[in-house]
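These notes are about the structure you will find just below.
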Amino acid sequence: MEKVNVGKRILSANEQFAQQNSQLLAQRRQLCLNMISSPGSGKTTLLVRTISDLKDELRMGVIEGDLRTDIDAQRVRATQAPAIQIETQGACHLSAKQVNDALEQLPLDALDVIFIENVGNLVCPSAFELGENGKVVVLSVAEGDDKPAKYPAIFAKSKVMLINKIDLLSGGLVEFDIERVTTDARRLNKSIEIFPVSARTGAGMPQWYDWLKEQVRQTRR
Ligand SMILES: Nc1nc2c(ncn2[C@@H]2O[C@H](COP(=O)(O)OP(=O)(O)O)[C@@H](O)[C@H]2O)c(=O)[nH]1
Ligand SMILES: [Mg+2]
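The sequence shown begins at 1 in the working numbering and counts up by one.
See the structure below:
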């Protein structure tokens with residue numbers, strides 16, 4: 001029998017759901033960002049601060065991914081923002097299907113931005129598209145400045161890198177070379193935006209907020 005190459009790659013189940021999510025968000029002109037980092041780098045703290053500081057300008061909702069518990073969804077809900085918790089029961093990343101289900105549960109009409117807080121690690125989440133508009137990688141200074149070199153995929157794919165916990169740099173308790181990280185990340189990804197911030201003190205956060213508001217404007221166009 002003759003083989004016919006139809007030139008179409010069969011999409012995986014994850015890619016199909018990612019495409020659905022992406023189409024839904026595009027139709028609604030809503031911005032969706034996928035936050036990825038090691039556990040403890042400060043994703044939830046950053047989200048809670050962002051939601052509180054911008055509460056009069058942007059309406060935000062969160063899809064939370066963790067192996068177990070709804071601790072992070074509760075932290076987000078304490079700000080009055082809606083949050084849907086997904087417990088992956090051991091899986092090291094969120095799937096596009098899980099995000100699809102969570103999008104149905106969020107009050108989308110009442111939101112400008114949907115954040116996804118992915119399961120904490122720098123490896124698995126980088127390999128699964130969720131249909132988001134962009135990935136935001138968070139690296140805290142306590143983790144060391146060699147992480148872009150060691151875990152290149154996520155830095156290559158992200159629109160933004162937030163370098164968090166810069167408050168720890170004063171006093172020399174933590175050594176972290178921001179220039180090295182910037183050079184390594186830009187070598188992997190020329191267009192990555194880099195914002196050194198402290199979710200604790202608020203330092204650097206206005207630059208991140210300006211970027212976020214500009215993305216919302218562009219998505220609405
Ligand atoms: N010093 C300092 N601690 C922070 C900062 N952001 C988060 N943390 C702390 O880091 C720990 C982990 O934060 P969390 O938001 O739960 O990280 P996640 O696992 O990435 O969601 C908590 O104890 C936070 O209070 C920061 O900017 N500076
Ligand atoms: Mg968290």
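Cβ coordinates follow ideal geometry from the N, Cα and C atoms, glycine included.
None of the values given here were measured: they were computed from a predicted structure.
Residue(s) in a DSSP beta bridge with residue i
{"i": "Pro196", "result": "Ile163"}
{"i": "Ser37", "result": "Val138"}
{"i": "Asp66", "result": "Glu87"}
{"i": "Gly171", "result": "Gly171 is not bridged to any residue."}
{"i": "Ile114", "result": "Cys32 and Gly61"}
Outcome for residue i when other beta-carbon atoms lying within 10 angstroms are tallied against a minimum of 16
{"i": "Asp109", "result": "exposed"}
{"i": "Gln85", "result": "buried"}
{"i": "Leu47", "result": "buried"}
{"i": "Ser170", "result": "exposed"}
{"i": "Gly90", "result": "exposed"}
{"i": "Leu94", "result": "buried"}
{"i": "Asn189", "result": "buried"}
8 Å contact criterion, which residue i and residue j should meet: CB distance rounded
{"i": "Val137", "j": "Phe115", "result": "At roughly 14 Å, the Cβ-Cβ gap does not stay under 8 Å, so Val137 and Phe115 are not in contact."}
{"i": "Asn164", "j": "Val123", "result": "About 19 Å separates the two Cβ atoms, so there is no contact after all."}
{"i": "Val160", "j": "Phe128", "result": "Going by Cβ atoms, the distance from Val160 to Phe128 rounds to 19 Å, so no, they are not a contact pair."}
{"i": "Asn34", "j": "Leu130", "result": "6 Å"}
{"i": "Ser140", "j": "Gly42", "result": "6 Å"}
{"i": "Arg49", "j": "Gly202", "result": "7 Å"}
{"i": "Ala199", "j": "Thr45", "result": "4 Å"}
{"i": "Thr19", "j": "Leu11", "result": "Reading off the sequence, residue 19 comes out as Gln, not Thr. Going by Cβ atoms, the distance from Gln19 to Leu11 rounds to 7 Å, so yes, they are a contact pair."}
DSSP state of residue i mapped onto helix, strand, coil
{"i": "Val123", "result": "coil"}
{"i": "Gln105", "result": "helix"}
{"i": "Met205", "result": "helix"}
{"i": "Val6", "result": "coil"}
{"i": "Arg221", "result": "coil"}
{"i": "Ala153", "result": "helix"}
{"i": "Leu11", "result": "coil"}
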